[in-house]
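First the structure, in the form of structure tokens, and then the observations on it.
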Amino acid sequence: MLSDCSSFTVDQYDQEQLKHRTTAFPAACYLDDLELKSVSWHWHEEFEIVIVAEGQATVIVGSRTQDICTGNGFLVNTGTLHSYHTRSGSVCRLHSLVFHPRLVGGSMESIFYQKYVQPIVKHQTMDVYFLDREIPWQATALKTAELAWQTGVQEPLHFELQIRNCLSKLIADLCDHMPAEQTKPNAGLLRSAERIKQMLKFIQENFSEELNTAVIASSASVSESECLRCFRTVIGTTPIQYLREYRIERAAQLLAESPIQISEVAFRCGFQDVSYFTKTFRKLRGCTPSEFQKLCLNRQTLSNI
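Residue numbers for the sequence shown, in my numbering: 554 to 858.
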């Protein structure tokens, strides 16, 4: 059940389009190696529970940034824009389990959904819940989540029932310790978030083309100034900086998959100048494209021995 996180697509990651497992069992496990590939801004209809197995991850949800160390984790609520990465050259591996609310709650009319799942999904301020192993109940929740992940990877007999049981326990623990709702989110912020989702979708579907702020703004039918405001308010960057980072992320994915020519990678990812591509890649990833590709291919060779 361990899925290949390198092959995910999004709307192209406005909304994640990888179907997590199947409709019959809507869950999937991922092993994210953030040293090789960061996880860009995205959202999905599923819950996502993540445990830092090694290293330190930086999690960004809206304008909030938090570092998560080994053994700790976080739960991302449905429909929440988020991303995570690590420092360039730093080892960081995550155990991630993505699951649809219906796996635990069943239909929206069921008592399981209405009593346990809906309060979390509808919580006005619980877009992400950080879990600290130093807090007893959260340490238990982290162990439960890790057991669910390991069960999904190993797939023992009746693993589906075991995973659902673990996730039900996790949801119950969260319900028991749910923070009190604060003031409702500003309507303007919610509107900005929806516009950002549209613009992220457009960028991720057209990142190889020549784009500028005006073109990106038009995809959500807003002005350039409103486009800039939305990006700064919701994800703390500019549309062009996001485009540049996304192109480099996709380039890293191509380099990790095969011994493709550097110039071909640059062209596919929207860079017309190879030297500028190399300079940008080094700035964001801490190494040149060639060095990164060699590292990835060496790791693949060692894993096959």
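Heads up, the beta-carbon is just placed ideally off N, CA and C, and yes, glycines get one too.
Residue from the options whose Cα sits closest to the Cα of residue i
i, options, result
"P672", "E747, T631 and T575", "T631"
"A694", "H648, V612, G626 and I613", "G626"
"F845", "E662, A804, V775 and T639", "A804"
"C719", "Q707, P842, K696 and A740", "K696"
"V651", "L742, I688, L555 and S663", "L555"
"I621", "H648, T633, H595 and L634", "H648"
"H635", "E607, K668, Y669 and S591", "S591"
"F834", "R800, T791, H595 and L743", "R800"
"D772", "G741, Q757 and T786", "Per the sequence shown, the amino acid found at residue 772 is Ser instead of Asp. Checking every option, the nearest Cα to that of S772 belongs to Q757."
"Q853", "T623, L589 and V674", "L589"
"A606", "E713, P689 and Q703", "Q703"
"L796", "P842, V768 and E810", "V768"
"S828", "R838, F712, S816 and I793", "S816"
"L850", "L837, K832, P812 and F830", "P812"
"K836", "P709, Y666, E798 and S660", "E798"
"T623", "M661, L742, A692 and V674", "A692"
"T633", "Q707, L742, C840 and Q814", "L742"
"S774", "R785, R744, T576 and H711", "R744"
"F894", "Q794, R785 and L848", "The structure shown does not extend to residue 894, since the chain spans only 554 to 858, so no value can be given for it."
"K847", "E810, Q707 and Y666", "E810"
Paired residues, beta bridge with residue i - DSSP
i, result
"T790", "For T790, which the question treats as bridged, DSSP gives no partner whatsoever."
"Q609", "C622"
"V768", "DSSP, once it has assigned bridges, lists no residue as partnering V768."
"C582", "L555 and L650"
"V603", "F627 and S649"
"S636", "I613"
"V592", "Y637"
Integer Cβ distance of residue i from residue j, believed to fall under 8 angstroms
i, j, result
"T618", "T639", "Actually they do not touch by this definition, with Cβ atoms about 13 angstroms apart."
"L723", "A698", "6 angstroms"
"L584", "R646", "7 angstroms"
"G608", "V644", "5 angstroms"
"Y669", "A725", "6 angstroms"
"E802", "S593", "5 angstroms"
"I716", "A701", "5 angstroms"
"P842", "V818", "7 angstroms"
"V787", "A746", "5 angstroms"
"L684", "L628", "7 angstroms"
Could you tell me whether the segment 718-735 touches the segment 671-691, using the rule of 3 or more Cβ pairs below 8 angstroms?
Touching, yes.
Complete beta strand (DSSP E) runs within the segment 644-717 (minimum length 3 residues, chain order):
Listed in chain order, the complete beta strand (DSSP E) runs (minimum 3 residues) inside the segment 644-717 are 645-652 and 681-684.
Taking 8 angstroms as the threshold, find out whether the segment 755-766 comes into contact with the segment 817-833 through three or more Cβ pairs.
Contact between the segment 755-766 and the segment 817-833 is present, because at least three Cβ pairs lie under 8 angstroms.
Do the segment 637-657 and the segment 589-607 touch if we need at least three Cβ pairs shorter than 8 angstroms?
Contact holds: three or more Cβ-Cβ distances are below 8 angstroms.
Kindly confirm or deny that the segment 749-760 and the segment 573-586 touch, where touching means at least three C-beta pairs closer than 8 angstroms.
Inter-segment contact for the segment 749-760 and the segment 573-586 is absent: fewer than three beta-carbon pairs are separated by less than 8 angstroms.
Closer than 8 angstroms is the cut-off here; do at least three beta carbon pairs connect the segment 769-779 with the segment 802-818?
Touching, no, given that fewer than three Cβ pairs across the two stretches are closer than 8 angstroms.
List, from N- to C-terminal side, the alpha helix (DSSP H) runs of 4 residues or more that fit wholly inside the segment 766-847.
Segments of the alpha helix (DSSP H) lying fully in the segment 766-847: 766-771, 777-788, 792-810, 815-821 and 827-838.
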